[in-house]
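One structure below.
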Amino acid sequence: MDITGGSWIYCGNVSTLELEIRDRVAIVTMAAGENRLNLGMCAALLNMLDKVERETDALTLVVKSAHERVWCYGFDTDWIKQIQSEGNEASLKEFLVRDLELRRRLLLFPLITVAAINGHVFGGGAILSCCFDFRFMRSDRGFFCIPAVDLGYPVVSGTVALLKQVLPVHMLVDAMLTGRRFTGEEVASARVVKATYTNDILLDKVMEFALHLNKDRGIIGKMKEVQNRHIIHLLDTEDLKTVQAGIFRV
Amino acid sequence: MSVVEWTVDENIAVLSMNSGENRFNVKFCSEMLSALDDIEKNTKVNALVVKSGHEKIWSNGMDLEWLVPALNNKDPEVNKFFKLQDELMKRMLFYPMITVAALTGHAFASGAIFACCFDFRFMRSDRGFLCFPEVDLNIPFQPYMTGVIRKALPMHLVVEGQFMGKRFTATELEKFHVIRKACTMDDLMKEATAFAKSLNKGRWIVSEIKKVLYKDIATLMEIPPSVSMDASNVPIK
Chain G
1 MDITGGSWIY CGNVSTLELE IRDRVAIVTM AAGENRLNLG MCAALLNMLD
51 KVERETDALT LVVKSAHERV WCYGFDTDWI KQIQSEGNEA SLKEFLVRDL
101 ELRRRLLLFP LITVAAINGH VFGGGAILSC CFDFRFMRSD RGFFCIPAVD
151 LGYPVVSGTV ALLKQVLPVH MLVDAMLTGR RFTGEEVASA RVVKATYTND
201 ILLDKVMEFA LHLNKDRGII GKMKEVQNRH IIHLLDTEDL KTVQAGIFRV
Chain H
1001 MSVVEWTVDE NIAVLSMNSG ENRFNVKFCS EMLSALDDIE KNTKVNALVV
1051 KSGHEKIWSN GMDLEWLVPA LNNKDPEVNK FFKLQDELMK RMLFYPMITV
1101 AALTGHAFAS GAIFACCFDF RFMRSDRGFL CFPEVDLNIP FQPYMTGVIR
1151 KALPMHLVVE GQFMGKRFTA TELEKFHVIR KACTMDDLMK EATAFAKSLN
1201 KGRWIVSEIK KVLYKDIATL MEIPPSVSMD ASNVPIK
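Chains as they are written, first to last, in our numbering: chain G, 1 to 250; chain H, 1001 to 1237.
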């Protein structure tokens, strides 16, 4: 899935990912505003994951947002409209491939991954959060929502397999076909997120959890390969072809 | 006392694993498989309950005391053992009658995976954990093992069980329906056998339903192990 030679129209605030290491925990802060997913954001996140894996000895990854009420707002619709108006289908395709690559990387990442969802997760952002092993969410505000049905964005097979793994059946259908906004409490009671806390203590609680894990990378990587193999299989055999063929339109 | 003993009680068979901590090795797996054959061929029971003779352990998983040196010595029995273990898991998963694990104590590692192969589980409430310590033992799961864990546990517990090696209590497992009921030790066998007797379902239809219900796991069982177990991986002396 190497598309590094592609042309980039817009790179967003790619320098605005911050990395901090505490004991054996890597804390990545997404500080690109609403952290909307575009070509630049996907590339930045992928680079950061490489950096964490290759240049640190961290055993657990925590990803939070610097935005006061948004963790990740999903696809960067303004950027997508812009490149579409320019007829730049290639960049759109490239972005969709990169987005799949990012999900794939997280699903197989050899560290335990924890999403500290300190704000809204929408669309591609909600799907991205489901690629983490554990999710914690703030209880006082923030929705978990996949508005694909309202935006007219189709979903691919791997996404459905991923969401089936994380969401209970009744919530999956609601999320996919009504675009319902779930509160932190709702996703916590369905165990989509491990726990919710008010924003002032969320990160402390996440760190309390993350600092005590310390599991070896080798075994975690192997276990994820086994656990997520059906999702990776769909992603590699169907989804990549779908987006590369340009069948998937947004 | 034999490794495995079983009796018929009305329409059910009650099997007791009596090999101490019921560690999985060639002898244990062979005797379990042959008892399962006997029960299927020589009785008309339509449910099976499996308990342990040990006072606090249902099964502690693979017999590492034998396995680790055997791996180091390239003992040919090792391959035979892994095949037998897989065969036992598969046999229980597709056993042509309702299967009930009466968890009379700890179920760890392969013992926990084996418990997940049963259709239903009851567990004592006063002591005993269900636990997959593989992450700390550095032993990867085969695809079908994750398959049976996912069949028995909701996903949030699958992740905690696999990646954290969390020890689950009967209370927590009951809350999420991994076990049908947490019972005091005095009530456990009464509850498990009463439930098994009450079902009275035909072997043929149960078997046909299981073939479809657990088909995804059967598919995973066809995948050869991607990572061969290496003794140097196992940090237990």
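A virtual CB, placed ideally from N, CA and C, is assigned to each residue, including glycine.
Per DSSP, what kind of secondary structure is H1054 (chain H) in: helix, strand or coil?
Along the second sequence, one-based indexing puts residue 1054 (chain H) at 54. Reduced to three states, the DSSP call for H1054 (chain H) is coil.
Going along chain G in order, which residues have a C-beta closer than 7 Å to the C-beta of Q971 (chain H)?
Since the displayed chain H opens at 1001 and closes at 1237, residue 971 (chain H) lies outside it and no answer follows.
What runs of the beta strand (DSSP E), each 3 residues or longer, lie entirely inside the stretch 1111 to 1162 of chain H?
1120 to 1124
Can you list, in chain order, the residues of its chain whose CB lies under 6 Å from that of F122 (chain G), leaving out five sequence neighbours each side?
As a position in the first sequence, residue 122 (chain G) is number 122, starting the count at 1. For F122 (chain G), same chain residues with a beta-carbon under 6 Å away, outside a window of 5 residues either side, are Y73, G74 and C145 in chain order.
Would you call the CB atoms of T16 (chain G) and A66 (chain G) closer than 9 Å?
As a working note, residue 16 (chain G) is residue 16 in the first sequence. As a working note, residue 66 (chain G) is residue 66 in the first sequence. In this structure, A66 (chain G) lies closer than 9 Å to T16 (chain G) by Cβ.
Cβ neighbour criterion (16 or more within 10 Å) applied to K215 (chain G)
The count along the first sequence starts at 1 and reaches residue 215 (chain G) at position 215. So K215 (chain G) ends up on the buried side.
Can you look up F1024 (chain H) in the DSSP assignment and give me helix, strand or coil?
Counting from one through the second sequence, the residue named residue 1024 (chain H) turns up at place 24. F1024 (chain H) falls in the strand class under three-state DSSP.
At a cut of 8 Å, does the stretch 1045 to 1056 of chain H reach the stretch 1010 to 1026 of chain H through at least three beta carbon pairs?
yes
Chain-ordered chain H contacts of D133 (chain G) [CB-CB under 8 Å]
The residue labelled residue 133 (chain G) in the question sits at position 133 within the first sequence. In chain order: V1159 and F1163.
Contact set for P1235 (chain H): own chain, Cβ-Cβ below 6 Å, skip 5 residues either direction:
As a working mapping, residue 1235 (chain H) is identified with position 235 in the second sequence. Unreliable placement is indicated for P1235 (chain H), whose pLDDT of 48 sits below 50; the coordinate value is still reported in the next sentence. Here the set comprises nothing.
Can you find a CB in chain G that lies within less than 9 Å of the CB of H1156 (chain H)?
For the purposes of this step, residue 1156 (chain H) is taken as residue 156 along the second sequence, with counting starting at 1. Answer yes: the Cβ-Cβ gap between H1156 (chain H) and chain G drops below 9 Å somewhere.
Cβ-based neighbour list, L202 (chain G), same chain, cut-off 7 Å, excluding 5 preceding and 5 following
Here residue 202 (chain G) refers to the residue found at position 202 when the first sequence is read from its first residue. Excluding five sequence positions before and after L202 (chain G), the CB atoms of its chain that fall closer than 7 Å to its own CB belong to A116, N118, F136 and R138, given in chain order.
Under 8 Å from the C-beta of N1138 (chain H): neighbouring residues of chain G:
Along the second sequence, read from residue 1 onward, the residue named residue 1138 (chain H) stands at position 138. Going along chain G in sequence order, the residues near N1138 (chain H) (Cβ under 8 Å) are D216, G218 and I219.
Proximity winner among G:E208, G:I127 and G:D133, relative to F143 (chain G) (alpha-carbon distances)
Position 143 of the first sequence, counting from 1, holds the residue named residue 143 (chain G). Minimum Cα distance to F143 (chain G) is reached at G:I127.
I'd like to know whether the C-beta of K205 (chain G) is nearer than 9 Å to at least one C-beta of chain H.
Residue 205 (chain G) sits at position 205 when you count from the first residue of the first sequence. By this cut-off, K205 (chain G) is not an interface position.
Beta-ladder partner(s) of G158 (chain G), from DSSP:
Against the first sequence, residue 158 (chain G) aligns to sequence position 158. DSSP lists no partner for G158 (chain G).
Secondary structure at A1101 (chain H), three-state DSSP: helix, strand or coil?
Indexing the second sequence from 1 puts residue 1101 (chain H) at position 101. DSSP places A1101 (chain H) in strand when its eight states are reduced to three.
What are the boundary residues of the alpha helix (DSSP H) that E20 (chain G) is part of?
As a working mapping, residue 20 (chain G) is identified with position 20 in the first sequence. Counting along the chain, E20 (chain G) falls outside any alpha helix (DSSP H), though it belongs to the beta strand (DSSP E) covering L17 to R22.
Determine the DSSP secondary structure at L61 (chain G), reduced to helix, strand or coil.
Position 61 of the first sequence, counted from the start, is the residue given in the question as residue 61 (chain G). Three-state result, L61 (chain G): strand.
What residues are listed by DSSP as bridge partners for R138 (chain G)?
As a working note, residue 138 (chain G) is residue 138 in the first sequence. In DSSP, R138 (chain G) forms a bridge with G:Y197.
Return the residues of the stretch 121 to 153 of chain G that lie within a Cβ-Cβ distance of less than 9 Å from chain H, sorted by chain order.
Taking 9 Å as the Cβ-Cβ cut-off against chain H, the residues of the stretch 121 to 153 of chain G that qualify are D133 and F134.
Measuring CA to CA, which of H:N1138, H:L1157 and H:K1201 is closest to C1116 (chain H)?
The residue labelled residue 1116 (chain H) in the question sits at position 116 within the second sequence. It is H:L1157.
Can you pull the DSSP bridge partners for W1006 (chain H)?
Within the second sequence, residue 1006 (chain H) is the residue found at index 6, counting from 1. DSSP lists H:L1015 as partners of W1006 (chain H).
Does any residue of chain H bring its CB to less than 9 Å from the CB of V169 (chain G)?
By 1-based counting over the first sequence, the position of residue 169 (chain G) is 169. So, not an interface residue.
Are there three or more Cβ pairs, one per stretch, closer than 8 Å when the stretch 155 to 165 of chain G is compared with the stretch 226 to 243 of chain G?
yes
Hey, is Q84 (chain G)'s beta-carbon within less than 9 Å of any beta-carbon in chain H?
The count along the first sequence starts at 1 and reaches residue 84 (chain G) at position 84. It does not: the Cβ of Q84 (chain G) has no partner Cβ on chain H nearer than 9 Å.
So, helix, strand or coil for H1177 (chain H), using DSSP?
The residue you call residue 1177 (chain H) lines up with position 177 of the second sequence. Reduced to three states, the DSSP call for H1177 (chain H) is coil.
For chain G, check one thing: does any of its Cβ atoms lie closer than 9 Å to the Cβ of E1077 (chain H)?
Stepping through the second sequence from its first residue, residue 1077 (chain H) is reached at position 77. So no, E1077 (chain H) is outside the interface.
Looking at chain H, is there any beta carbon in it that lies within less than 9 Å of the beta carbon of R191 (chain G)?
Here the question's residue 191 (chain G) lines up with position 191 in the first sequence. Closer than 9 Å to some Cβ of chain H, the Cβ of R191 (chain G) qualifies, so yes.
Using a beta-carbon distance below 9 Å, is V1135 (chain H) in contact with chain G?
Counting from 1 along the second sequence, the entry for residue 1135 (chain H) is found at position 135. It does; some Cβ of chain G falls within 9 Å.
What would DSSP say about V192 (chain G), mapped onto helix, strand or coil?
Counted from its first residue, the first sequence places residue 192 (chain G) at position 192. DSSP places V192 (chain G) in coil when its eight states are reduced to three.
Please list the partners that P977 (chain H) has in chain G, where partner means a Cβ-to-Cβ separation under 7 Å.
Not covered by the structure: residue 977 (chain H). The range shown for chain H is 1001 to 1237.
What distance in whole Å lies between the Cβ atoms of M1097 (chain H) and V1206 (chain H), which are believed to be in contact at a cut-off of 8 Å?
Looking up residue 1206 (chain H) in the second sequence gives position 206. Looking up residue 1097 (chain H) in the second sequence gives position 97. Yes, V1206 (chain H) and M1097 (chain H) are in contact; Cβ-Cβ is about 6 Å, under 8 Å.
By Cβ distance, which residues of its chain are closer than 6 Å to G1061 (chain H), with the 5 residues on each side in sequence left out?
Position 61 of the second sequence, counting from 1, holds the residue named residue 1061 (chain H). If we look at G1061 (chain H) and ignore the five residues flanking it on each side, its Cβ neighbours are F1108, A1109, S1110 and G1111.
Neighbourhood of E1160 (chain H) by C-beta, 6 Å cutoff - its chain only, sequence neighbours within 5 removed
The residue labelled residue 1160 (chain H) in the question sits at position 160 within the second sequence. Within the same chain, E1160 (chain H) has close Cβ partners K1166.
Simplified DSSP state of K1237 (chain H), which is helix, strand or coil:
The residue labelled residue 1237 (chain H) in the question sits at position 237 within the second sequence. The pLDDT assigned to K1237 (chain H) is 33, lower than 50, so where the model puts this residue is not dependable, and the model offers no usable value.
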